[in-house]
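Residue numbers (the working numbering): 66 to 241.
Heads up, the thing below is written out as structure tokens.
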């Protein structure tokens with residue numbers, strides 16, 4: 066899947082990302098959210114940084130703290146520095162309370178139609194979602210990285226919705 070995602074490049078990638086962002090902006094979960102948690106795209110992930118233009122929202126970014134993620138407000142990523150895994154992270158500052166986040170965008174290598182994902186294997190987002198089930202979650206990927214069904218373990222947590230450039234898939238309550 067990583068190789069597949071990295072093959073999506075140039076104008077095709079930009080066009081697909083633009084379509085994904087248009088679909089996200091149309092979602093009630095996004096329109097109603099005041100505080101959103103983004104991620105810095107790496108290894109060909111969908112770039113959601115244009116959502117920083119929506120100045121009516123407080124935007125947060127994750128930083129690894131031990132076995133968990135903490136979130137920090139940021140209006141741009143210019144001051145970010147590589148963190149523990151080489152992913153740019155915000156500088157230290159006041160941690161934003163997770164209970165006050167309205168929507169978390171969850172990165173992944175691949176997603177399935179039931180909201181399961183393959184991440185990078187450390188479980189940060191699974192722990193975050195398990196401990197904070199009240200926060201809305203949206204996974205984003207390119208069509209090429211969406212599959213019908215992924216293998217899932219008992220500790221895997223599903224996102225509520227997956228957005229690609231051609232569709233928005235809401236998880237049914239029966240698919241938990």
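From the three backbone atoms N, C-alpha and C, an ideal C-beta is built for every residue, glycine too.
Under 8 Å by Cβ, that's how I've got residue 242 and residue 211 pegged, so tell me the actual separation to the nearest angstrom. No statement about residue 242 is possible, as the shown extent of the chain runs from 66 to 241 and does not include it.
Can you list, in chain order, the residues of its chain with a C-beta nearer than 6 Å to that of residue 78? Leave out the 5 residues immediately preceding and following it. So the list is empty, once near-sequence residues are dropped.
Considering only their Cβ atoms, is the gap separating residue 167 from residue 73 smaller than 8 Å? no
Given 8 Å as the limit, is there contact between the region 184-197 and the region 112-124, that is, 3 or more CB pairs closer than that? Touching, no.
Going by CA-CA distance only, name the one from 80, 86 and 128 that's closest to residue 158. 128
Once the 5 residues before and after residue 85 are set aside, which same chain residues still bring their CB inside 7 Å of it? Within the same chain, residue 85 has close Cβ partners 111, 205, 228, 229 and 230.
Just checking my contact of residue 243 with residue 160 at CB under 8 Å: how many whole Å lie between their CB atoms? This structure cannot speak to residue 243, because the chain is shown only from 66 to 241.
Apart from the five residues on each side of it in sequence, which residues of its chain come closer than 7 Å, Cβ to Cβ, to residue 81? 73, 207 and 230
Contiguous beta strand (DSSP E) assignments of at least 3 residues, all confined to the region 82-133: 100-102 and 123-130
Would you call residue 98 buried or exposed, if buried means 16 or more other Cβ atoms sit within 10 Å of its Cβ? buried
Bounding residues of the alpha helix (DSSP H) (the contiguous stretch that carries residue 191): 189-196
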